[in-house]
Amino acid sequence: MSLTDATSDAANPSLAGPLENLREAGLSTASARDYINLLKPRVMSLVVFTALAGLIAAPGALHPFVALTAVLCIAIGAGASGALNMWYDADIDAVMGRTALRPIPSGAVTPRQALGFGILLSVGSVGVLGLLVNWQSAAMLAFTIFFYVNIYTMWLKRSTPQNIVIGGLAGAFPPAIGWLAVTGSLALEPILMVLIIFMWTPPHFWALAILKEEDYGRAGVPMLPNVAGDKVTRQQILLYSVLLAPLAVLPAFLGYAGVLYALVTVAGGVGFIQHALRLSRAGDIPARNKAAGKLFGFSILYLFAVFAVMLGEDIVERLTGFALAMPTALTFVVGG
Amino acid sequence: MADTTQRTAPEAPKPVPTNTEEVKMSETDRDFYSKQRRSRSIAMALALGAVVVVFYVVSLIQGPGILSRPY
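So the protein lines, in turn, are chains A and B. Okay, so the first sequence: first residue is 1 according to the numbering used here, each after it adds one. Okay, so the second sequence: first residue is 1001 according to the numbering used here, each after it adds one.
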């Protein structure tokens, strides 16, 4: 976390004294920025991006302003679940270097304020999405918030090393919500998008968990490197990378994406597996950490590229009617 | 047998001031507090304004049937 993400008093230690006086008096010292930080803006940007991909890929038309409203609601719903996650995990966040400057552990926002803020935004985003777009997408958004807060944060995170595998589903749902906002029903294409993010999540987070092993150990979070060890984690990362690479190419061969998407996902998949292989073969700790850091960075770039190309192809097709489709001989026809 | 141990009454919860005038603050504290409160108020006003605009525009787009859904 950079200093620019730091909450107001943590970023300015000279204010710590006066802030304590104000807090003891029961006065809120949080700025609007502290509340924005509660929404986990970086995670939110990924959610917006993938939801937009689902929304644009869906057949049918949605008025641009209604589409914007849908994306806004999905973003706020994701932010609300982030706030609720920070409320519940404040004790863990306080002992981890990566999260110690978050608004609750830094004292800028009280847990009660974060809880109220999270609930208000959850209800608001689901309600507005249901009223102004449709109730199918609103129900899916509500389920996503429930899954992230109750299933992942409250249950899985502290109880199993498979926490981010199952919990990763919550982060994978946004393309399906975007699709539902347009069509009101699901199909194979959004399910594939969800599966791509689902398969991408474990290698992404386990690479981070290897780097932050001490932090997670101190906080008592049973991440895979802490529970099963370094070797098993690296094997699992490689396994998920090998599963992810062909899965990401599949939309092109099913006729849902074009040649450019196929090229990017094939090249990206090879790169992903190479990074995972390097990590699995890394000898000493510095080499391992370097490989894990590179895989973590590459995984972000990979997911961005996959959804950017998918989104780009769909936008070009919608605007110009031109689509550089895969040769028919290479595609498998699904459904009608 | 009489209880000779001294019992102290439970400490009453500290009342939360309803008016910032009740809290003794230095000039710096007051400036900082006002600045933070102003930023929250502006953000809240912008958010509420955005909700109103969104509802208004979507109502115009969807027309009178906005609340009647087949599903």
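A virtual CB, placed ideally from N, CA and C, is assigned to each residue, including glycine. Model, not experiment: these values are computed from the prediction.
query	result
Under the three-state DSSP convention, the category residue 325(A) falls into	strand
CB contact below 8 Å: residue 32(A) versus chain B	yes
Closer than 8 Å to chain B by CB, residue 29(A)	yes
Contacting residues, own chain, Cβ-Cβ under 7 Å from residue 276(A) (five flanking each side not counted)	203, 237, 238, 241, 295
is_contact[residue 1039(B), chain A] using C-beta, thresh 8 Å	yes
Pairwise C-alpha distance: residue 289(A) and residue 162(A)	21 Å
As assigned by DSSP and simplified to three states, the class of residue 9(A)	For residue 9(A), the predicted model reports a pLDDT of 47, less than 50, meaning its position is unreliable and no value from the coordinates is stated.
CB contact check: residue 1033(B) to chain A, cutoff 8 Å	yes
8 Å CB neighbourhood of residue 1001(B) in its chain, flanking five on each side removed	Because the pLDDT at residue 1001(B) is just 47, under 50, the model does not fix this residue reliably, and the point stays unresolved.
Own chain, CB closer than 7 Å to residue 75(A), minus 5 neighbours either side, in chain order	44, 47, 48
Neighbouring residues, chain B, relative to residue 69(A) (Cβ below 8 Å)	1054, 1058
CA-to-CA distance, residue 52(A) to residue 309(A), given in whole angstroms	12 Å
Presumed contact (8 Å Cβ cut-off) between residue 224(A) and residue 206(A), rounded CB distance	6 Å
Chain A within 8 Å of residue 1045(B), Cβ atoms only	no
Chain B within 8 Å of residue 66(A), Cβ atoms only	yes
Residue 306(A) beta carbon less than 8 Å from that of residue 248(A)	yes
Whole-angstrom C-beta distance between residue 168(A) and residue 201(A), which should lie under 8 Å	3 Å
Contact with chain B by residue 226(A), beta-carbon distance below 8 Å	no
Under 8 Å by beta carbon: chain B residues contacting residue 35(A)	1040, 1043
First and last residue of the uninterrupted alpha helix (DSSP H) at residue 1028(B)	1027-1062
Rounded Cβ spacing between residue 50(A) and residue 175(A) (contact assumed at less than 8 Å)	5 Å
Coil, strand or helix - residue 54(A) by DSSP	helix
Residues near residue 257(A) in its chain [Cβ-Cβ closer than 7 Å; skip 5 each side]	251, 310, 313
Through-space distance from residue 260(A) to residue 189(A), alpha-carbon basis	17 Å
Neighbourhood of residue 198(A) by C-beta distance below 8 Å, restricted to the same chain and skipping five residues each side	168, 169, 172
Residue 1048(B), buried or exposed, once every other Cβ within 10 Å from all chains shown has been counted against 16	exposed
Chain-order list of residues whose beta-carbon lies under 7 Å from that of residue 330(A) (same chain, five-residue window excluded)	253
Distance CB(residue 130(A))-CB(residue 23(A)) smaller than 8 Å	no
Chain B contact for residue 6(A) (CB, 8 Å cutoff)	With a pLDDT of 38 at residue 6(A), under the threshold of 50, the predicted position of this residue should be treated as unreliable, though the coordinate-derived value follows. Chain B contact via Cβ: absent.
For residue 122(A) and residue 73(A), believed in contact at Cβ under 8 Å, the rounded distance	Not quite, the Cβ-Cβ distance comes to about 11 Å (not below 8 Å), so this is no contact.
Closest Cα partner of residue 1055(B) within the set 61(A), 68(A), 54(A), 56(A)	68(A)
Identified DSSP bridge partners for residue 26(A)	In DSSP, residue 26(A) forms no bridge with anything.
Any 3 or more C-beta pairs closer than 8 Å across the segment 205-219 of chain A and the segment 265-274 of chain A	no
Chain E contacts made by the segment 274-289 of chain A, where a contact means CB separation under 8 Å	Considering every chain present, this structure includes no chain E. Its protein chains are A and B.
Contacting positions in the segment 175-204 of chain A - beta carbon closer than 9 Å to chain B	184
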